[in-house]
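S.K.: Before anything else, here's the structure in question.
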Amino acid sequence: MIEFEHVSFAYEKDKYVLEDMSFRIGTGESVGLIGANGAGKSTIMKLLLGLLQGEGRILIDGVEVKRETLHEIRRKLGFVLQNSDNQMFMPTVYEDMIFAPLNYMMSREEADKRVDEVLARLHLEDLKHRYNHKISGGEKRMAAIATILAMDPEVILMDEPTSALDPYNRRIVINTIRELGQTKLITSHDLDMILETCDRVILISNGKIVADGPAEEILSDRELLEANRMELPLSKNCK
Amino acid sequence: MNKMQKALAELSEMDELAARQSPIHALHPAAKLIATIAYILVTLSFDKYDLNGIVPMVLWPILLFQISGVEVRTCFYKLRIVLPLVMAVGLFNPFFDKEIMLRVGGLAISGGVISMITLMLKGVFCLMASFLLMATTRIDNLCAALRKMRVPSMLVTLLLLTYRYVGVMTEELAIMTDAYHLRAPGQKGIQISAWGSFLGQLLLRSMDRAQELYSSMMLRGYHQHFHYADIKPFKARDGLYVAVCIIVFLLLRYVDVAQLLGGLFVR
Amino acid sequence: MHMADALLAPAVAATMYVASTTAAGVSIHHLKKDDEPQKLPVMAVTSALVFAGQMINYTIPGTGSSGHMCGGMMLSALLGPYAGFLSMIVILAIQCLFFADGGLMALGANVWNMAFYGCFVGYFLIWRPIMGSKWFGEGKSAQRARIIAASVIGCIVTLQLGAFSVVLETSLSGITELPFGAFVALMQPIHLAIGLVEGLITSAVLVFIYESRPELLQGVDLEEGGSAKRSLKSVVAIIAVVALVVGGGLSLLASSNPDGLEWALFGNADGGYSTNMGLDEENFGVESSVADTAGSIQEKTSFLPDYAFPGSESAAGTTVSGIVGSAMVAGVAILICLAGGFFRRKKKTT
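Residue numbers (our numbering), protein chains in the order written: chain G, 973 to 1211; chain C, 4 to 270; chain D, 208 to 557.
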């Protein structure tokens, strides 16, 4: 589904943020991408989305990410931004949700139906006509996820989906993520959330993959995590 | 609360008013917009001494306030901005125009006083009219109506996006202002050493935000075209409302209602 | 400088709408031609920022009062004249729609007075020529000096033009009895001071942007090297001193004016609406109470017998029956209110 083949990227000449990175993510997999601040997590996301162009090849469903294929690629990808305010740029939740379907040439009736389905699935019906600037942080995050689901993407990318949420809203978001059947790539420092939502974890440091394996295994390895400026998830620590 | 928080509260109050339900809220935004513009134009067209003529114009906004259930109080709060300005201009009239136009008992009232009062009424009436428009119409519906009325999409989209981010930016500045004053007790405003950096810092961050916003638009298939929420079609009822409004305004304009009513009792 | 609907006659309002719409049309045409899709979000976020930024109180050193900015010049320096103009339109529209600052019909005039001059005159006749010139020599500090000069001159000139337009529009509308000359003499000097403060604030922000991300500024040559860094603070301080001297001179002039009352009245109200886009309650409380007392004094004076000239009655055909009629209108209005209240209560109980 997602393939990185020897991908390197530098913002400034010869200062590589990513170096010769290769990995594969299969259809339906849930992968947590973890690493310290500045490790290169968001660069990976941006390369995948075609917002940045690097060296090497990135394939999505066998199609290479490049200028000519961007439209096709982006249709398959749904990216949930960390800051929902930047994601939700229309005045109301409904208008934000309908934005992508209409851009992808869906008729208004179909798009309306899609919006209602997604809202019903996430139990957010009462948010539909609310103003984006008047809903709470938790509601906003859920609405942002709904906007992306309305696109019906094949892959969902999430950047810190649980940041700045209270435990209640965090739980709602985690449960929602767990129910999504799509291929998922999630970056976060909330390792407990990663443990609950992902089966596989890729740990990166200084632009290189340090570890790649089952979430259970990597997130139980205290030495590995601490060497990479992280801690054991709380749930592992208690045992 | 600092100024920005007050502005946010005011904005949110308007949103809440507009989200209510009433026969006026249910009208097509374009119908309300046209009626409001007609009302303001008719009000402004009264002669500066035509105090009698302008007074009956109050009936339309009052009727609207009653039908829509919007409190007049919220509107009068907004008068604090318009009135001082109108008064500053109008207050000169009694000084310069001292010719007596009217005697009530032993009192002689000069033309300047009449024109000053007429001017203030104009100010209050126009404010009530545009306030009622916004208190009964959601901004997204108004924008959709503007699009239908052939206002260029670039302008309408910009209005929508800006409206969305006015809240976000005002809140950030409110927090920054609080943070500034917590570390600078006793200062009334931003000191000269921070004049540039205070807004400048936020401006730089905003540019990154705009970039991210643009990515978010691109990633959801944006290319040159903005789609708007559909609004209900313009029905016969809406047309009727506009027609009735315009006829009534013209009647009020050309028939001296106050004189007529008064004439029934005073000979 | 936001004009209210009441200050304009329909014909003047319509003319200004036509003028502003034309300028908007030209701007949209240019932006479409440039075809920069990422410009729209930048414009939206920047105009939202300027909207909020207008509420910041800037302390003016040594005076105890505070200044504000309106942002036309800043927007055109950041976004270019066309995008800046559209952004200003949107800011003014939001202010008029949601905050009753300005008016729906006065929007055309307000856009012209504040956005057109600030963006087009400010950019094409001041900002671009000065930034492209060799004033102050070469190097970074010269560039900074040019930014400051362009901002200050730009703001002063465009505010003067704006203030003059306000006078012209009001006078053409036949609203005020104040003679044109006296009105101009009142408005222009006040806006000289306001423009100076706005210019200083604008230059401070733009210099900050220049130091951190110069590529964000329009018409700034990035190729220049050399960095004899003069402290921004000292440059601003020098100009502030000049501002103080000029301001002091102006207030001397004002106090020597025999008609002090008019000055105080107008100066006060003017300071009010320019100092805040109507969101500072404290100031307004003070101001309207001044205006109120002045108003009541005048009403009393105009009722004094000296002012009564017998025989000039009912110049516009105003009669007692008119007054009775107006009272009846008030009665009808009250009835409508009562009826509304009655029906609503009934609804609630049922």
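Using N, Cα and C, we set each Cβ at its ideal position, and we do this for glycine too.
Using the rule of at least 16 other Cβ atoms within 10 Å of the residue's Cβ for burial, across every protein chain shown, is tyrosine 983 of chain G buried or exposed?
M.R.: Burial call: exposed.
S.K.: So with Cβ pairs under 8 Å, would you call alanine 1115 of chain G a contact of chain C?
M.R.: no
S.K.: Report the rounded CA-to-CA distance for tyrosine 417 of chain D versus serine 196 of chain C, giving the unit in angstroms.
M.R.: 16 Å
S.K.: Report the three-state DSSP secondary structure of tyrosine 289 of chain D (helix, strand or coil).
M.R.: Three-state result, tyrosine 289 of chain D: helix.
S.K.: Distance, Cα to Cα, lysine 6 of chain C vs valine 252 of chain D?
M.R.: 20 Å
S.K.: Shorter than 8 Å from the beta carbon of histidine 28 of chain C to some beta carbon of chain G?
M.R.: no
S.K.: Going by DSSP, name the residue or residues bridged to serine 1002 of chain G.
M.R.: G:Lys1156
S.K.: So serine 218 of chain C contacts chain G; which residues on that side make the cut at Cβ distance below 9 Å?
M.R.: Lys1018, Leu1021, Leu1023, Phe1051, Leu1053 and Asn1058
S.K.: What residues from the region 1142 to 1153 of chain G come within 9 Å of chain C, judged by C-beta to C-beta, listed N to C?
M.R.: none
S.K.: What are the residues of the region 1066 to 1086 of chain G that lie near chain C, defined by any Cβ-Cβ distance shorter than 8 Å?
M.R.: Tyr1066, Glu1067, Ile1070, Phe1071, Ala1072, Leu1074, Asn1075, Tyr1076 and Arg1080
S.K.: Check whether the Cβ atoms of leucine 110 of chain C and methionine 312 of chain D sit closer than 8 Å, and answer yes or no.
M.R.: no
S.K.: Does threonine 1064 of chain G get closer than 8 Å to chain C when you measure Cβ to Cβ?
M.R.: yes
S.K.: Got a sec: which bits of the region 1092 to 1114 of chain G sit with their beta carbon under 7 Å from any beta carbon on chain C, in order along the chain?
M.R.: So the list reads Tyr1103, Asn1104, His1105 and Lys1106, given in the order they occur along the chain.
S.K.: Determine which residues of the region 167 to 178 of chain C have a Cβ less than 7 Å from any Cβ of chain G, and write them out in chain order.
M.R.: Arg167, Gly170 and Val171
S.K.: For a contact meaning CB atoms closer than 9 Å, what does leucine 44 of chain C contact in chain D?
M.R.: Under the 9 Å cutoff, chain D gives Pro217, Ala220, Ala221 and Met312.
S.K.: Give the secondary structure of lysine 987 of chain G by DSSP, where H, G and I count as helix, E and B as strand, and everything else as coil.
M.R.: strand
S.K.: Looking at the unbroken alpha helix (DSSP H) that takes in phenylalanine 323 of chain D, where does it start and where does it end?
M.R.: Looking at the DSSP string, phenylalanine 323 of chain D is not in any alpha helix (DSSP H), and its letter there is neither H nor E.
S.K.: State the beta-bridge partners of arginine 1086 of chain G as determined by DSSP.
M.R.: Bridge partners of arginine 1086 of chain G: none, in fact.
S.K.: Between the region 1020 to 1037 of chain G and the region 1184 to 1202 of chain G, can you find at least three pairs of beta-carbon atoms closer than 8 Å?
M.R.: no
S.K.: Using beta carbons (cut-off 8 Å, strictly below), is serine 378 of chain D in contact with chain C?
M.R.: Output row for serine 378 of chain D: interface = no.
S.K.: Tell me, which residues are paired with isoleucine 1030 of chain G by DSSP?
M.R.: G:Phe976
S.K.: Among the residues of its own chain, which have a CB less than 8 Å from the CB of methionine 1114 of chain G, if the five just before and after it don't count?
M.R.: When the five nearest sequence neighbours on each side are left out, the beta carbons in the same chain lying within less than 8 Å of the beta carbon of methionine 1114 of chain G are those of Leu1094, Leu1096, Leu1099, Asn1141, Ile1144, Val1145 and Thr1148, in order along the chain.
S.K.: Cβ atoms of alanine 411 of chain D and glycine 199 of chain C: under 8 Å apart, would you say?
M.R.: yes
S.K.: Should isoleucine 72 of chain C and alanine 213 of chain D be called a contact, given that it needs their Cβ atoms to be closer than 8 Å?
M.R.: A small fix is needed here, since residue 72 of chain C is glycine in this sequence, not isoleucine. Taking 8 Å as the Cβ cut-off, glycine 72 of chain C and alanine 213 of chain D do not qualify as a contacting pair.
S.K.: Can you check which of these residues, G:Gly998, G:Met973, G:Asp986 and G:Lys1013, is closest to valine 1182 of chain G by C-alpha distance?
M.R.: G:Lys1013
S.K.: Tell me the DSSP secondary structure of glutamate 1097 of chain G in three-state form.
M.R.: helix
S.K.: Could you check the C-alpha separation between valine 75 of chain C and valine 427 of chain D for me, to the nearest Å?
M.R.: 51 Å
S.K.: Which residues in the same chain have their Cβ closer than 8 Å to the Cβ of leucine 30 of chain C, if we skip the five residues on either side of it in sequence?
M.R.: Thr139, Arg240, Asp241 and Tyr244
S.K.: Once DSSP output is grouped into helix, strand and coil, what is the label at phenylalanine 1051 of chain G?
M.R.: strand
S.K.: Are there three or more Cβ pairs, one per stretch, closer than 8 Å when the region 291 to 307 of chain D is compared with the region 157 to 167 of chain C?
M.R.: yes
S.K.: As a quick exercise: from D:Ser419, D:Pro288 and D:His398, pick the residue whose alpha carbon is nearest that of glycine 329 of chain D.
M.R.: D:Pro288
S.K.: For glutamate 469 of chain D, does the three-state DSSP call read helix, strand or coil?
M.R.: Confidence in glutamate 469 of chain D is poor, its pLDDT being 37 and thus under 50, which makes the residue's placement too unreliable to answer from.
S.K.: Pop quiz: leucine 393 of chain D and valine 219 of chain D are said to be a contact at Cβ under 8 Å. What is the actual Cβ separation, rounded to whole angstroms?
M.R.: Incorrect: roughly 20 Å between the Cβ atoms, too far for contact.
S.K.: With H, G and I counted as helix, E and B as strand and the rest as coil, what does DSSP make of threonine 1064 of chain G?
M.R.: strand
S.K.: Which bits of chain C does glycine 547 of chain D rub up against, with CB to CB less than 9 Å?
M.R.: Ile65, Leu66, Phe68, Gln69, Ile70 and Gly72
S.K.: Which complete beta strand (DSSP E) runs does the region 6 to 34 of chain C hold, if anything under 3 residues is left out?
M.R.: none
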